[in-house]
Amino acid sequence: MTREKRQQLADAAILVLVERFGPDVARHLLEAMGRPEVVAAFPRVLATLHAQQLHADGLSPRDASYRIAELTGMSVRNARRYADAAGQT
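Residue 86 in numbering that gives the first Met the number 0 sits at position 87 of the sequence shown; the count goes up by one each step and never skips.
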């Protein structure tokens, strides 16, 4: 299995966990038994979900990036990438 395919599967698994149990429980489950690449992907997948929701709620990419950074713990600069991408879809 290629690295890209493993990453796609990890992203899909994270989405299912977040939708089913919420972000806090999903993070706990991943940290308890997750592979390193899955644990590392969690903030990225969560940021994507937040960006899509904030875009749907009408927030500007700038405002959304600050909120994403607050929710995920990532830098505002990195969060802005997700906010900008959500605005382009």
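Idealized CB from N, CA, C, for every residue including glycine.
Please read these numbers as outputs of a predicted model, since none were measured by experiment.
> Which same chain residues, not among the five before or five after G86, have their C-beta less than 6 Å away from its C-beta?
Replying inline: H54, P60
> Nearest to R5 by CA position, among A68, A40, G72, is which residue?
Replying inline: A40
>> If you measure between the beta carbons of V17 and L45, is that distance less than 9 Å?
In response: yes
> Excluding the five sequence neighbours on either side, which residues of its own chain have a C-beta within less than 8 Å of the C-beta of M73, listed in chain order?
Replying inline: P42, A46, I67
> Run through DSSP, which three-state label would D83 get?
Replying inline: helix
> If we call anything under 9 Å between Cβ atoms a contact, is L8 one with F20?
Replying inline: no
> How far does the alpha helix (DSSP H) with R5 in it reach, from first residue to last?
Replying inline: 2-20
> Excluding sequence positions up to five away, which residues of its chain have a Cβ less than 6 Å from the Cβ of R79?
Replying inline: S64
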